[in-house]
Each structure stands twice: as C-alpha cells, then as structure tokens.
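Beneath this line is the structure, given in structure tokens, with notes to follow.
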Amino acid sequence: MSKKIFVTDTILRDAHQSLLATRMRTDDMLPICDKLDKVGYWSLEVWGGATFDACVRFLKEDPWERLRKLRAALPNTRLQMLLRGQNLLGYRHYSDDVVKAFVAKAAVNGIDVFRIFDAMNDVRNLRVAIEAVKAAGKHAQGTIAYTTSPVHTIEAFVAQAKQMEAMGCDSIAIKDMAGLLTPYATGELVKALKAEQSLPVFIHSHDTAGLAAMCQLKAIENGADHIDTAISSFAWGTSHPGTESMVAALKGSEFDTGLDLQLLQEIGLYFYAVRKKYHQFESEFTAVDTRVQVNQVPGGMISNLANQLKEQGALNRMNEVLAEIPRVREDLGFPPLVTPTSQIVGTQAFFNVLAGERYKTITNEVKLYLQGGYGKAPGVVDEKLRRQAIGSEDVIDVRPADLLKPEMTKLRADIGSLAKSEEDVLTFAMFPDIGRKFLEEREAGSLTPEVLLPIPEAGAVASAGGEGVPTEFVIDVHGETYRVDITGVGVKAEGKRHFYLSIDGMPEEVVFEPLNEFVGGGSSKRKQASEPGHVSTTMPGNIVDVLVKQGDTVKAGQAVLITEAMKMETEVQSAIAGKVAAIHVAKGDRVNPGEILIEIEG
Ligand code: MN
C-alpha cells in the first residue's frame with residue numbers, strides 16, 4: 003500500500019515572511035518560476051496579509067500585479083493564499099460585501115486555494131469567505147489555528163473541523179504558527195481528524211522549536227495527506243521544514259512525494275543567492291528557539307516585546323511580561339496567539355507589568371475583545387474584568403460582521419479617482435493609510451522602493467561610512483547596553499531620510515525628519531505632570547484623538563484623549579472632575595510618559 007504525500011512550498015510567502023520580514027521582490031521570484039512550475043508541487047503559497055502589506059508599504063509593488071505575473075509564470079501549479087476570514091488581509095472585521103468582492107478578485111487574478119483562518123477559531127467568521135471561495139469555483143481550506151490550553155482539546159479541534167466540513171470546505175489545515183506542536187500530539191490530533199471527518203488534512207508547522215519535521219512525519223504516519231515545506235535555503239528555524247529534506251525523508255517509502263530532488267537542488271541554489279540580497283532584513287531571531295515550548299509565546303512575539311521593552315529601558319522585565327502573557331490569555335478565555343490576538347494579549351500583558359498594576363490601563367482592543375467584537379472566545383472570559391472594561395455596555399453575541407453595513411460603495415467614493423480598478427479599491431480597503439499613499443504615489447509617478455544594500459563581501463565588515471569612520475557602536479541608555487550597527491542610509495524623500503540599523507542583531511529602520519520639525523512639534527517643551535488635574539500617560543506613543551475642547555466640563559474618569567502605542571489604542575481619563583483649562587497636544591503628536599497633555603481645573 004502506498005500513499006503519495008502532497009507538498010505545498012511556502013517559498014514565495016511564509017518562508018520569506020518568517021526569515022526576511024516579507025521583503026522578497028517579484029523580480030527575484032519570476033526567474034525561477036519556470037523550474038518551480040516543473041516540480042509538481044500540489045501548490046505554491048504566494049499571497050497573504052504580510053506579502054500584500056510589504057508590497058504596498060516597502061516594495062512599492064502592486065500586490066495584484068505580482069499575483070497576475072506569478073499566475074502567468076506558473077501555469078501548471080495551484081497558487082495558494084492565506085486569508086484571515088472576515089478580517090481578510092487587514093486587522094478589523096470587514097462587511098460581507100467587501101469579503102465577497104475581495105475573494106472574487108483574488109480568484110480572478112489567480113488564487114486557486116484559499117487557506118482561511120480565524121484568530122479565535124470562531125467558525126462564524128469563516129462562513130462568508132468559504133461561501134465566496136466556493137462561488138468562485140475555488141478550493142476552500144478550513145483552518146484550525148493550533149494552540150494549547152485547557153479548552154483546546156482534540157475533541158474541540160475535531161468538532162471545529164466537522165463544522166468546517168459541513169460549511170463546504172474542501173480540506174482542513176492544522177496551522178501551527180508558533181511551533182507548539184509536538185510529534186506525538188500531532189499524531190493523535192491527525193488520527194482523530196482522519197477518523198471523524200472525511201477531508202484531506204494539511205500540516206503547516208513552523209520549526210521554531212526544532213520539532214516540525216518530526217511532527218510532519220508523525221502526522222503522515224497517522225494519515226495526513228499534505229505537508230507545507232520551504233525550499234532548504236529558506237527553511238528551518240522560524241520557517242518550515244526543508245522541502246528537499248522532507249522529499250528525501252519520504253523517498254522510497256510508502257509516502258514518497260514523487261518530487262525530483264535534482265530539480266529541487268537547482269531551485270535551492272537559486273534562492274541561496276537571492277537570500278543574500280536581503281541580508282539587511284535578516285535577524286538573529288530566526289534560528290531554533292525552544293522557549294515557545296515552555297511559555298507558549300511565539301518567537302515573533304518575543305522579539306517584538308523585546309523591542310518595546312528596550313524602548314522603555316525595561317528589558318530586565320522581559321521575564322515578568324512572559325509570565326503575564328499566559329495570565330492575560332487565561333483572563334481572555336485562551337485565544338490562540340496569532341494576528342491580531344497576539345498583539346492584543348502581548349500589549350495588555352506589557353501594560354499590566356509596566357503600570358505596576360494589572361488592568362490599570364485596558365487597551366481599546368481588549369475592551370472590544372471582551373465585548374465580543376472579535377467573535378466568541380474559545381474559553382470563559384473573566385467576568386469581573388469584562389465588567390471593569392466595558393461597564394454597562396452590551397456584549398455582542400452575534401457574528402461581529404452582522405453588525406456592519408455594506409462598505410464597498412463608501413470605499414469607492416472615499417478613494418475616488420485614485421482607484422483605477424476594483425482591485426485598487428480593495429488595496430485601499432485593506433490598508434487605508436498606506437494603501438492610499440501607494441495609490442497617490444503611483445498617480446504622481448513617484449513610487450520609490452526601499453533601497454537594497456550591496457551584499458557585503460565575504461570577511462569584510464560592512465561600512466556605511468568612509469574609510470576609518472565607525473559604523474558600530476555600543477551605547478548605554480538608562481543602564482541597558484545596546485550594540486548598534488549602522489547598516490545603510492537610504493535616499494532622502496519627502497524631507498525624511500531612512501537609516502537602516504541593527505540593534506542587538508535586530509534590523510531596524512529609522513526615519514529621521516529635519517531637526518526643526520522635532521523642535522516645532524514641541525514634545526520636549528511639555529512640562530512634567532505634578533497635580534491630579536494634569537492628564538498624562540504612562541507610555542510613549544502618539545495622540546490618536548483629543549476628545550475634549552478648552553472650556554469643556556469633564557467628570558472624574560471621563561476619557562479625554564486616545565493614545566496609540568504598539569498599534570494598540572488606549573483611552574486616557576481625567577482623574578478629577580472640572581473644566582478643561584489647557585490642551586497641549588493635537589492629533590498625531592508624539593508624547594512621552596509624565597508630560598502634561600491636558601490641564602483640568604477642579
Ligand atoms: Mn505560517
């Protein structure tokens with residue numbers, strides 16, 4: 003008895019997303035497509051939220067144009083994308099008409115297989131996307147966002163798979179975004195899924211903890227049909243098991259993939275050279291990191307938190323935040339940690355530790371979550387916390403998108419003549435700010451992709467300055483030591499200059515504006531808060547909105563400002579009742595902890 007195992011290569015999407023901050027350009031994909039198309043992959047993963055975002059934000063490529071070019075260059079291979087259910091490629095719930103329009107256009111432009119997931123595993127958030135994919139005559143893959151918790155039992159995952167089967171899905175994927183799967187747990191889960199439902203089972207597992215290849219082997223032995231791999235030069239660590247390795251492992255067995263190892267070697271060598279071109283985006287956090295098996299915190303989340311804590315001069319509190327994350331997750335009913343719930347949980351944990359008191363500050367996203375705005379929590383949420391966060395407001399128990407009116411007409415009107423096609427309208431819908439900016443720059447003929455730095459010669463120290471000019475520094479800020487390497491300087495555009503730095507091995511991009519704008523912004527001129535009527539903030543961030551005017555009367559506890567830090571919005575309240583005497587901030591201002599932002603006279 004033999005059973006062919008089918009392979010999806012992630013090289014054009016998740017592999018470079020996991021290793022190179024999603025920066026691979028279409029020009030580096032097209033020359034190898036002829037060979038990729040001859041391999042006989044079941045599919046190539048080519049598109050998702052991060053690839054779309056990076057195209058528009060950094061590469062100044064039209065993501066739809068990329069898709070059409072790949073479609074033309076890969077006529078014999080299914081093209082696959084990752085879709086965040088009702089969130090599509092964005093961070094909020096879209097109305098059903100946007101979901102239908104997006105899926106229809108993705109299908110027309112070349113996507114054959116839609117892997118659809120919801121961060122809460124709330125299948126109500128998958129329904130419209132699944133229906134739209136089936137209406138387009140394409141493959142709808144229902145996804146289990148894998149995590150571990152007391153409520154994430156094999157029975158719960160099987161029940162979810164059965165629901166997705168009943169909703170019309172063509173296959174089931176186990177999406178282990180964090181690298182939490184272990185080999186025997188994988189075997190048991192796959193065995194149960196195969197026994198209780200009839201769809202093919204795909205395994206998508208990151209090798210973060212060094213276990214993914216073993217997990218795939220146990221999955222295959224227990225009946226899994228498909229595996230996700232990455233060509234070896236973009237494999238392992240936070241990426242996926244190497245394609246050539248898995249093909250070799252199964253070769254000659256009853257599970258032979260039938261793929262040509264010689265051809266795969268040629269592709270691997272091609273991408274080996276491509277990876278070097280993107281050296282400035284390589285981080286030191288892409289190798290195997292077993293911590294995820296202890297604290298369940300995905301690698302990407304750890305490096306984000308490390309950066310945020312460094313900004314606060316509080317890197318020594320990392321272990322406290324790592325310990326707080328599981329507690330916040332439990333309070334919220336154990337959501338899987340994947341976009342956007344990873345940011346929601348991580349930021350709240352960060353606030354809880356740095357404020358010195360749990361839930362002293364509650365982000366707007368946690369409020370929305372506790373209201374049911376992202377869907378149903380997998381477990382039971384802490385009722386006391388929910389009441390503290392939302393007061394007497396109602397909890398939503400319907401599908402969040404049921405409360406949304408159709409949006410396409412308004413989106414078309416908002417973007418106007420900048421959109422030359424329905425695809426352009428959808429680009430704007432996914433990313434309102436950077437999408438609009440992209441369309442404006444395209445209209446003006448000023449699209450400028452970020453600069454790729456020359457490949458350093460072997461053994462040479464990359465030097466951004468002239469002979470003898472130092473580009474490596476060790477600096478000390480508030481007792482924390484950092485190693486800073488200047489890796490490049492970009493062109494000056496719109497009065498801003500982009501610097502590429504590496505801070506303790508993590509690539510960073512810093513945009514400098516002319517000095518006089520900083521002074522004009524006045525952030526350094528604000529006085530330090532000293533009285534109860536001085537409204538201030540505990541986190542550095544930006545002002546999203548000022549909710550009061552001079553002369554307004556406010557109640558104690560009334561929200562007067564909305565600030566944003568780490569992509570999360572927070573309301574800032576007045577501690578006392580009184581009159582607004584002075585406002586020292588405006589929308590868009592950068593603010594620092596302790597500054598007087600608004601003065602209230604009691
Ligand atoms: Mn992934």
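Just so you know, we're using our numbering here: the sequence shown kicks off at 3 and counts up by one. C-beta atoms are modelled at their ideal positions from N, C-alpha and C, and glycine is treated no differently.
- [ ] Take Arg-592 as the anchor and find which of Ile-602, Glu-566 and Ala-577 has the nearest alpha-carbon.
- [x] Glu-566
- [ ] Let me know if Val-400 comes out buried or exposed under the rule of 16 or more other beta-carbons within 10 Å of its beta-carbon.
- [x] Around the beta carbon of Val-400, fewer than 16 other beta carbons sit within 10 angstroms, so the residue counts as exposed.
Task: Beta-carbon proximity list for Pro-534, same chain, < 7 Å, skipping 5 on both sides - done: Ala-577 and Ile-578
- [ ] Look up Asp-547 in the DSSP assignment and say whether it is helix, strand or coil.
- [x] strand
Open item on the list: Quick check: the Cα distance between His-536 and Ala-221, rounded to an integer number of angstroms?
Closed with: Cα to Cα, His-536 sits roughly 59 Å from Ala-221.
Open item on the list: Under 8 Å: does the beta carbon of Lys-527 sit that close to some heavy atom of the ligand MN?
Closed with: no
Open item on the list: Please classify Asp-64 as buried or exposed, where buried requires at least 16 other C-beta atoms within 10 Å of its C-beta.
Closed with: Buried.
Task: Helix, strand or coil at Lys-140 [DSSP, three-state] - done: coil
TODO: Using only alpha-carbon positions, find the residue among Thr-12, Leu-183, Phe-204 and Glu-603 that is nearest to Met-83.
DONE: Thr-12
- [ ] Would you kindly work out how many angstroms separate the C-alpha atoms of Ser-247 and Asp-262, rounded to a whole number?
- [x] 12 Å
Open item on the list: Less than 7 Å between C-beta atoms, sequence neighbours within five positions excluded: which residues of the same chain meet that for Ile-585?
Closed with: Excluding its 5 nearest sequence neighbours in each direction, Ile-585 has C-beta neighbours in its own chain below 7 Å: Val-548, Gln-552 and Ile-600, listed in chain order.
- [ ] Please find out if some non-hydrogen atom of the ligand MN comes closer than 8 Å to the beta-carbon of Asp-120.
- [x] no
Task: Backbone secondary structure at Ile-457 - three-state DSSP - done: coil
Open item on the list: Using a Cβ-Cβ cutoff of less than 6 Å, which residues in the same chain neighbour Ala-431 once the five nearest sequence positions on both sides are dropped?
Closed with: Val-100 and Leu-413
Open item on the list: Can you list, in chain order, the residues of its chain with a C-beta nearer than 6 Å to that of Trp-605? Leave out the 5 residues immediately preceding and following it.
Closed with: The structure shown does not extend to residue 605, since the chain is modelled only from 3 through 604, so no value can be given for it.
Open item on the list: Give me, in chain order, the residues of the same chain whose beta-carbon lies closer than 6 Å to that of Ala-226; leave out the 5 immediate sequence neighbours on both sides.
Closed with: Val-192, Val-203 and Ile-205
- [ ] Determine, using beta carbons only, whether Thr-145 and Ile-113 come nearer to each other than 9 Å.
- [x] It is not a contact, given that the beta carbons lie outside the stated cut-off.
- [ ] With distances taken Cα to Cα, identify the nearest neighbour of Tyr-371 among Glu-385, Glu-359, Gly-358 and Arg-360.
- [x] Closest option to Tyr-371, Cα to Cα, is Glu-385.
- [ ] Report buried or exposed for Lys-37, applying the criterion of at least 16 other Cβ atoms within 10 angstroms of its Cβ.
- [x] exposed
Task: Arg-117, enclosing alpha helix (DSSP H) - first and last residue - done: Unbroken run through Arg-117 is the beta strand (DSSP E), 115-118; no alpha helix (DSSP H).
- [ ] Would you list the residues sitting across from Gln-530 in a DSSP beta bridge?
- [x] Glu-597
Task: Residue span of the alpha helix (DSSP H) that contains Met-432, given as start and end - done: 424-432 is the span of the alpha helix (DSSP H), which, as asked, contains Met-432.
Task: Per-residue DSSP class, three states only, for Gly-170 - done: coil
Task: Spatial distance of Ile-545 from Ala-250 (CA atoms) - done: 55 Å
Open item on the list: When you compare the segment 29-45 with the segment 74-81, are there three or more beta-carbon pairs, one atom per stretch, that lie closer than 8 Å?
Closed with: In short, these stretches touch, since the Cβ pair count reaches three.
Task: Gly-522 to Ala-147 span [Cα, whole Å] - done: In this predicted model, Gly-522 has a pLDDT of only 31, less than 50, meaning its place in the structure is not dependable; the value taken from the coordinates is given anyway. Distance between the alpha carbons of Gly-522 and Ala-147: 47 Å.
Open item on the list: Threshold first: 3 residues or longer. Then list the beta strand (DSSP E) segments lying entirely within the segment 207-238, N to C.
Closed with: 228-231
Task: His-18 - DSSP class collapsed to helix/strand/coil - done: helix
TODO: Determine which residues share a DSSP beta bridge with Val-574 and list them.
DONE: Leu-563
TODO: Go ahead and pull the three-state DSSP assignment for Leu-38.
DONE: helix
Open item on the list: For a test of the three-state rule: what should DSSP assign to Pro-65, helix, strand or coil?
Closed with: helix
- [ ] Taking 8 Å as the threshold, find out whether the segment 388-395 comes into contact with the segment 361-371 through three or more Cβ pairs.
- [x] yes
Open item on the list: Just to confirm my understanding: we take Thr-188, look at its own chain, exclude 5 residues before and 5 after, and list those with CB closer than 6 Å. What are they?
Closed with: Cys-217, Lys-220 and Ala-221
TODO: Pull up the distance between the alpha-carbon of Leu-85 and that of Gly-51, whole angstroms please.
DONE: 7 Å
TODO: Output yes or no for whether 9 Å exceeds the beta carbon distance between Leu-307 and Gly-348.
DONE: Cβ atoms of Leu-307 and Gly-348: closer than 9 Å.
TODO: For Gly-377, name the three-state secondary structure that DSSP assigns.
DONE: strand
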